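Residue numbers (our numbering): 407 to 544. Note that CB positions come from ideal geometry on N, CA and C, so glycine has one too. The model shown is predicted, which means the values in this text are computed figures rather than measured ones. So the structure is just underneath, and the comments pick up after that.
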């Protein structure tokens, strides 16, 4: 579990570095990153987090995503209502730009999670998801 968390944090750090204008990667680094986040098999066999990182890295490196419409259709079809899934669904939709997920499907759950006794990670994910959906954090 800890290794998986550490790997996710490391990948998230690399993705954040890519967003910085002053970061430069050589061709080998770019190819390695694309390989790391490459999706395995059909979209349905990939975790939502993997789809998010694949989308993020490819948009940062290549500025395009040839399978954007398939990714959008896949995340819109998700039925999971756990907070982690909602976070990755809304974050991926926001990255894609023209992918509108059903706000009403998630809004009540997200707003109920923004409470003083919620964990920091739950507050971060719920708040980020609300922002991704264009809603205020109350």
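Beta-carbon proximity of residue i to residue j, cut-off 8 Å
{"i": "residue 519", "j": "residue 489", "result": "yes"}
Integer-rounded CB distance, given that residue j should sit under 8 Å from residue i
{"i": "residue 501", "j": "residue 470", "result": "The pair is not a contact, with the Cβ atoms about 12 Å apart (cut-off 8 Å)."}
{"i": "residue 458", "j": "residue 494", "result": "5 Å"}
{"i": "residue 439", "j": "residue 476", "result": "Not really, about 21 Å apart at Cβ, beyond 8 Å."}
Which listed residue (the options) has its alpha carbon closest to that of residue i
{"i": "residue 485", "options": "459, 503, 454 and 465", "result": "454"}
{"i": "residue 491", "options": "541, 534 and 442", "result": "534"}
{"i": "residue 541", "options": "521, 503, 517 and 522", "result": "517"}
{"i": "residue 463", "options": "505, 442 and 513", "result": "442"}
{"i": "residue 473", "options": "505, 515 and 496", "result": "505"}
{"i": "residue 481", "options": "532, 451 and 531", "result": "451"}
{"i": "residue 537", "options": "497, 465 and 522", "result": "497"}
Pairing CB atoms from the segment 496–510 with CB atoms from the segment 521–530, are three or more of them under 8 Å? no
Sequence ranges, alpha helix (DSSP H) only - wholly within the segment 433–472, length at least 4: Counting only runs of 4 or more, we get 433–443 and 454–468.
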